[in-house]
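Before any comments, here is the structure.
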Amino acid sequence: MQASVDKNAKEIKDYIEEIYWGSGKHVLLLWHSKGGVDSAAALSMYWNELKDKVASLALAQSPYGGSPIASDILREGQLGDYVNIPFVKGDMQALEDLTYERLKDFLRKYHMPEDLPIVSFHTEASISPAVLAT
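Heads up: the sequence shown begins at -14 in our numbering, then just goes up one per residue.
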């Protein structure tokens, strides 16, 4: 899923329709990380076409409010000045779509369906990563 949110949302929509067409059963979406952002976008953008095909959405570690890492890499004067961006595989738009500003704009334009059951899981470390690395 190393493409823009819009492109992945369309692919997910098509895949949901294919699964539903083949099985006749409602689809439970379970996604991790950016896949959660992409699947939520698919449901927001194409809900009229998917509402009778999707049972619910479950997300794990999805940066739906944006990723500070994406914002830092792309911000002038921050990591982006020191990191060689071509190492990122896929579409650079995928990283831009994960910034706080871009996701905030997306959420203003598209809203999650109110009648869709959603569960979102996240974890939090109580010790610093430096301690984990030793």
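The beta-carbon is built from N, C-alpha and C at its ideal position, and this holds for glycine as well.
From the DSSP output, in three-state form, read off residue i for me.
i: Ala26; result: helix
i: Ser56; result: helix
i: Ala(-6); result: helix
i: Ser8; result: helix
i: Leu80; result: helix
i: Leu88; result: helix
i: Leu35; result: helix
i: Thr119; result: Below a pLDDT of 50, predicted positions are generally treated as unreliable, and Thr119, at 48, falls in that range; the measurement from the model is reported next regardless. Correct three-state label for Thr119: coil.
Just the C-alpha distance for residue i and residue j, rounded to the nearest angstrom, thanks.
i: Trp6; j: Ser111; result: 45 angstroms
i: Ser29; j: Gln(-13); result: 20 angstroms
i: Val39; j: Leu15; result: 11 angstroms
i: Tyr31; j: Ala25; result: 10 angstroms
i: Thr108; j: Asp57; result: 21 angstroms
i: Phe91; j: Glu2; result: 23 angstroms
i: Asn33; j: His96; result: 12 angstroms
i: His17; j: Ala43; result: 9 angstroms
i: Gln121; j: Asn(-7); result: A question about residue 121 goes unanswered here, because the residues of the chain that appear run from -14 up to 119.
Is residue j closer than 8 angstroms to residue i when the C-beta atoms are compared?
i: Val22; j: Leu83; result: yes
i: Leu101; j: Ser41; result: yes
i: Leu80; j: Gly50; result: no
i: Ala45; j: Ile(-3); result: no
i: Lys10; j: Pro98; result: no
Can you tell me the Cβ-Cβ gap for residue i and residue j, rounded? I've got them flagged as a contact below 8 angstroms.
i: Ser105; j: Ser52; result: Ser105 to Ser52, Cβ: 15 angstroms. No contact.
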